[in-house]
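What follows is a single structure, written as structure tokens, with notes after it.
Numbering (the working numbering), first residue to last: 11 to 750.
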């Protein structure tokens with residue numbers, strides 16, 4: 011709160027002190043006078059807080075303003091050095107003029123609104139925020155237009171000059187411009203700046219794969235290292251003396267200032283009858299597409315696959331584009347017990363455009379749309395045939411381009427994969443009959459590549475096996491899995507079938523058209539019984555493998571209930587899990603080797619598991635939305651009425667919403683991304699997003715938590731003491747400082 015005793019006329023008493031301090035720091039009388047005036051204006055606009063000495067406050071503000079002035083001088087000197095002209099030679103004149111003309115022609119050939127964005131940014135030297143203000147679009151939209159405009163320039167220049175090194179070498183002379191007698195040529199400087207940015211953009215795209223960070227002009231760094239590179243100094247927490255400016259988030263369709271065509275950036279609020287999370291969207295619709303040509307997927311990060319699968323929903327265009335999902339993604343102690351962030355992925359139905367954004371897993375205000383920048387993708391499709399023209403059915407097609415995308419061929423041997431990042435990719439194909447075949451392909455943005463692959467025919471064999479029940483009454487549920495020993499990512503499944511012979515005590519499985527080799531077989535594990543052996547390695551061709559189900563042991567039903575600890579009332583809707591240690595390996599390994607744990611979802615207050623083998627070690631887990639989860643051992647259950655029972659007491663869940671950031675030399679708040687939040691035991695809970703926010707919705711009390719960001723340490727943490735929550739707040743601000 012401002013000091014009520016502050017009097018504006020008291021600034022006159024300290025004016026000479028401020029001017030002298032600025033003069034010592036700048037060694038410039040004119041600059042010192044400017045700094046002194048700015049310090050007085052800052053005091054009038056945002057007076058010092060109550061109880062703070064005015065002289066000390068003015069000294070700090072003066073030092074910060076002087077540092078900014080010196081920093082700007084250094085930047086100006088670097089820019090002037092950049093455009094200083096080396097000695098010209100006749101041999102280089104034609105090359106420079108030709109390259110400069112080609113750059114300008116390429117800019118003029120750009121589509122709107124990319125041409126206007128490129129011109130305003132690098133010919134009129136306007137920052138993205140000013141361009142956004144003039145064209146009445148969000149800053150993220152401006153950055154997207156600049157990025158896509160530069161991409162089109164790169165394609166045009168690559169086509170003109172051939173090899174990238176050739177056109178880069180041709181553009182280098184443009185970075186040196188001459189000054190006329192009356193000053194520097196605006197067009198020449200704009201061309202030089204554009205060339206430098208294009209060249210930097212190309213270098214950045216070439217170094218992204220190796221993790222090298224290149225700061226591109228016109229972008230805002232969101233990680234601490236890029237922030238330091240951009241500012242030229244280490245940000246540090248300082249007392250803020252200026253109120254944060256509100257950021258406009260509500261968007262409307264607008265008309266670009268440079269064109270009569272309506273702008274395609276849209277945002278949305280709206281309602282739906284579905285019960286899952288709803289998101290307002292803001293994205294730039296590519297030419298030729300409509301809003302309803304897009305679909306969205308929602309994934310809960312770090313979730314257990316059996317409990318939180320990816321949801322997909324169409325983007326609704328009315329009243330303006332938005333998406334709502336069927337249900338809220340669940341979390342479980344099986345997946346870490348934390349709901350922290352969602353990944354929201356937007357894709358066009360044709361697979362040629364895609365973008366993603368991580369958002370905190372919280373109820374979103376309708377006025378806060380999720381901004382998603384779409385990037386051009388590619389589509390690959392084709393057929394897999396044998397030399398005699400037969401379709402290869404069920405062949406696995408895997409494309410690697412930083413991440414792995416995978417599909418299988420249809421009954422006609424056809425396959426298709428969309429949303430592939432442009433650039434070099436590796437296509438690997440494998441079928442049961444043939445060994446893996448690989449092919450390298452380079453994809454261009456918005457390309458549809460058809461790739462037919464012919465596989466050489468090879469001798470194949472069939473593998474049949476038996477599933478025997480000890481009791482003679484058990485029919486196994488699930489499928490038999492076959493995994494290639496040479497390629498563990500190649501997995502085939504076969505259903506089990508009951509033998510038709512009278513009095514048969516066994517089921518069978520069969521794999522046809524299998525290439526000779528070594529494989530590992532796993533029996534069905536969708537019920538509670540163990541198998542002997544647990545897995546079997548076979549060399550095909552071989553005799554029929556045989557698995558025996560140990561189902562002749564006594565079984566018992568297990569009933570799990572729960573009450574709310576804070577209200578002592580029965581919980582009707584709950585989820586329960588039983589994890590059995592079939593092969594005596596411990597809970598962690600048992601969870602790793604189980605393809606599926608046993609799950610029951612109850613709405614009458616009782617989760618019932620029939621036929622759980624007596625004497626087998628195992629654990630139970632009870633969970634309910636908004637309540638903490640509880641693990642327990644099967645050995646601790648009480649026997650009542652011929653079954654094992656327990657009643658778990660669930661407390662309220664643990665929730666904290668954090669904002670992690672620092673302040674720069676002017677006291678401005680700066681969000682820090684990718685700050686990792688751990689439990690004391692070292693389990694990673696989440697990472698802060700680009701806006702510094704991190705949400706923790708935990709099904710357990712983590713006790714002390716810690717924050718790790720290389721090169722930084724926690725300087726202050728509102729509502730926490732020694733990493734432990736002491737006071738509940740709507741938002742806990744965490745202030746970071748640079749390590750010395």
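Where is the CB? At the ideal position from N, CA and C, for every residue including glycine. Please read all numbers here as calculations on a predicted model, not as lab measurements.
Span separating the alpha-carbon of residue i from that of residue j
i           : j           : result
residue 743 : residue 151 : 29 Å
residue 56  : residue 50  : 10 Å
residue 646 : residue 387 : 55 Å
residue 2   : residue 71  : Only positions 11 to 750 of the chain appear in this structure, which leaves residue 2 out of reach.
residue 594 : residue 571 : 27 Å
residue 129 : residue 117 : 8 Å
residue 204 : residue 145 : Residue placement at residue 204 is flagged as unreliable, the pLDDT there being 48, under the threshold of 50; the coordinate-derived value follows with that caveat. Cα to Cα, the separation comes out at about 20 Å.
residue 747 : residue 661 : 36 Å
residue 518 : residue 529 : 18 Å
residue 408 : residue 384 : 24 Å
residue 555 : residue 500 : 20 Å
residue 39  : residue 121 : 49 Å
residue 336 : residue 322 : 9 Å
residue 445 : residue 543 : 28 Å
residue 478 : residue 448 : 40 Å
residue 720 : residue 696 : 16 Å
residue 349 : residue 566 : 34 Å
residue 355 : residue 35  : 51 Å
residue 200 : residue 147 : In this predicted model, residue 200 has a pLDDT of only 48, less than 50, meaning its place in the structure is not dependable enough to derive any value.
residue 711 : residue 417 : 41 Å
From the options, residue whose alpha carbon lies closest to that of residue i
i           : options            : result
residue 362 : 310, 397, 296, 378 : 296
residue 432 : 741, 34, 425, 364  : 364
residue 441 : 458, 610, 403      : 403
residue 443 : 396, 734, 43, 163  : 396
residue 730 : 719, 160, 667, 707 : 667
residue 124 : 498, 526, 158, 639 : 158
residue 691 : 717, 707, 684      : 717
residue 549 : 524, 561, 564, 538 : 524
residue 633 : 35, 80, 341        : 341
residue 474 : 503, 430, 68       : 503
residue 676 : 133, 155, 79       : 79
residue 486 : 508, 693, 707, 425 : 508
residue 488 : 715, 392, 534      : 534
Counted within 10 angstroms of its Cβ, other Cβ atoms place residue i as buried (16 or more) or exposed
i           : result
residue 239 : Residue confidence is low: residue 239 scores 32 on pLDDT, short of 50, so the model does not pin down where it sits. No coordinate-derived value is stated.
residue 31  : buried
residue 22  : exposed
residue 516 : buried
residue 472 : exposed
residue 637 : buried
residue 538 : buried
residue 599 : exposed
residue 76  : buried
residue 369 : buried
residue 536 : exposed
residue 663 : buried
residue 749 : exposed
residue 547 : exposed
residue 635 : exposed
residue 506 : buried
residue 739 : exposed
residue 37  : exposed
residue 154 : buried
residue 698 : buried
Nearest-angstrom beta carbon gap, residue j and residue i [assumed within contact, 8 Å]
i           : j           : result
residue 401 : residue 422 : 5 Å
residue 394 : residue 456 : With 8 Å as the limit, residue 394 and residue 456 do not qualify as a contact, their Cβ atoms being about 25 Å apart.
residue 709 : residue 639 : 4 Å
residue 574 : residue 655 : Actually they are not in contact, since the Cβ atoms of residue 574 and residue 655 sit about 18 Å apart, beyond 8 Å.
residue 42  : residue 25  : Actually they do not touch by this definition, with Cβ atoms about 11 Å apart.
residue 380 : residue 411 : At roughly 25 Å, the Cβ-Cβ gap does not stay under 8 Å, so residue 380 and residue 411 are not in contact.
residue 461 : residue 492 : With 8 Å as the limit, residue 461 and residue 492 do not qualify as a contact, their Cβ atoms being about 27 Å apart.
Distance cut-off 7 Å: residue i Cβ against heavy atoms of the ligand ZN
i           : result
residue 131 : You won't find the ligand ZN in this model; it holds no ligand whatsoever.
message = Would the segment 323–332 count as touching the segment 616–631 if we require 3 or more Cβ pairs under 8 Å?
response = With a cut-off of 8 Å on Cβ pairs, the segment 323–332 is not in contact with the segment 616–631, counting fewer than three such pairs.
inquiry  = Tell me whether the segment 467–478 and the segment 299–312 touch, counting them as touching only if at least three CB pairs, one residue from each stretch, are closer than 8 Å.
reply    = No: the two stretches stay apart, fewer than three of their Cβ pairs being nearer than 8 Å.
ask   = Is there contact here, the segment 607–617 with the segment 691–702, by at least three beta-carbon pairs under 8 Å?
value = By the criterion of at least three beta-carbon pairs nearer than 8 Å, the segment 607–617 is not in contact with the segment 691–702.
request  = Please confirm if the segment 582–602 is in contact with the segment 666–674, defined as three or more CB-CB distances below 8 Å between the two stretches.
outcome  = Here the segment 582–602 makes no contact with the segment 666–674; the two share fewer than three CB pairs at distances below 8 Å.
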